[in-house]
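Written below as structure tokens is the structure these notes are about.
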Amino acid sequence: MAFVRTLFDLYDAPFVSVSPADGIDMCQCPLCKGKDDLDRGASGWHSDYAWQYVNRVAKAVAKTHPDKMVMGASYSSFTLPPASIDKLHSNMLVTMSNGRPRTPDEQEHEQK
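Numbering (my numbering), first residue to last: 939 to 1050.
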């Protein structure tokens, strides 16, 4: 959170992206373990994990910078919306990113 707040304070940026990089590696600490969901397919394996993080940052930053926005990208294994969040925080932006074409194996898994 401190890094995001610093960017807002030093550069007066209207928004900051905190989106995870593609190919994220799941943390296996007790708080994170089990937040992946292979049943959601290649586009949603990490949706809850990634979007809970972005939403948590947005909520915390809103307390000190209510006029600023936090952005996350709908991308890769977190393209699908999270199943665990009913409504994203009001100071959160979502950008849609076109991912790579799915391999035949991924397409087959998604159809199951």
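Ideal Cβ positions, reconstructed from N, Cα and C, are used throughout, including at glycine.
Values in this document were obtained by computation on a predicted structure and should not be read as measured data.
Checklist line | Reduced DSSP secondary structure (H/G/I, E/B, other) of T1017 | finding: coil
Note to self: Per the DSSP calculation, S955 is bridged to which residue(s)?
What the structure shows: M1009
Next item on the list: Can you grab the Cα-Cα spacing for the pair S955 / K971, in whole Å?
Entry: 24 Å
Notebook entry, point to check: Should T1017 go down as buried or exposed, given a rule of 16 or more other Cβ atoms within 10 Å for buried?
Noted result: In the assembly as shown, T1017 is a buried residue. Its beta-carbon has 16 or more other beta-carbons within 10 Å.
Notebook entry, point to check: Given a threshold of 16 other Cβ atoms within 10 Å of its Cβ, counted over all protein chains shown, does S957 qualify as buried or as exposed?
Noted result: buried
Note to self: Quick check: what's the CA-CA separation for R994 versus P1042?
What the structure shows: 35 Å
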